[in-house]
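Since the structure comes first, as structure tokens, the remarks are kept for the end.
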Amino acid sequence: DLAILIENVYNIDETRVILSILSFIKVLISKYNKRDYRGARVKRILVTIIEYISSNSRYLNLIII
1 DLAILIENVY NIDETRVILS ILSFIKVLIS KYNKRDYRGA RVKRILVTII
51 EYISSNSRYL NLIII
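Residue numbers for the sequence shown follow UniProt numbering, so the first one is 1 and each next one is one higher.
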């Protein structure tokens with residue numbers, strides 16, 4: 001029997017996000033405006049997250065690449 005069961009039908013969603021990692025922080029603040037700052041070094045990493053959800057609302061664990 002080649003029938004596909006409804007619980008074996010999955011929707012796959014792929015999302016990309018950027019993680020920011022502060023490795024060193026140097027902040028310069030003006031004495032007139034304490035909100036101005038510069039000098040933060042940020043390392044950014046692109047992460048892909050894949051999630052699987054079946055048509056009957058079951059899901060598998062996320063895959064993070």
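For each residue, glycine too, the CB sits at the ideal point set by N, CA and C.
Just so you know, these numbers come straight off a predicted model, no measurement behind them.
Give me the Cα-Cα distance between residue i and residue j, rounded to the nearest whole angstrom.
i: N56; j: N8; result: 9 angstroms
i: E14; j: I4; result: 24 angstroms
i: I18; j: I65; result: 12 angstroms
Excluding sequence positions up to five away, which residues of its chain have a Cβ less than 7 angstroms from the Cβ of residue i?
i: I6; result: S55 and N56
i: I63; result: I50
Identify every residue that forms a DSSP beta bridge with residue i.
i: E51; result: D13
i: I6; result: DSSP lists no partner for I6.
i: I64; result: I49
In chain order, what residues of the same chain have a beta carbon less than 8 angstroms from the beta carbon of residue i, not counting five sequence neighbours either side?
i: R16; result: L46, V47, T48 and I49
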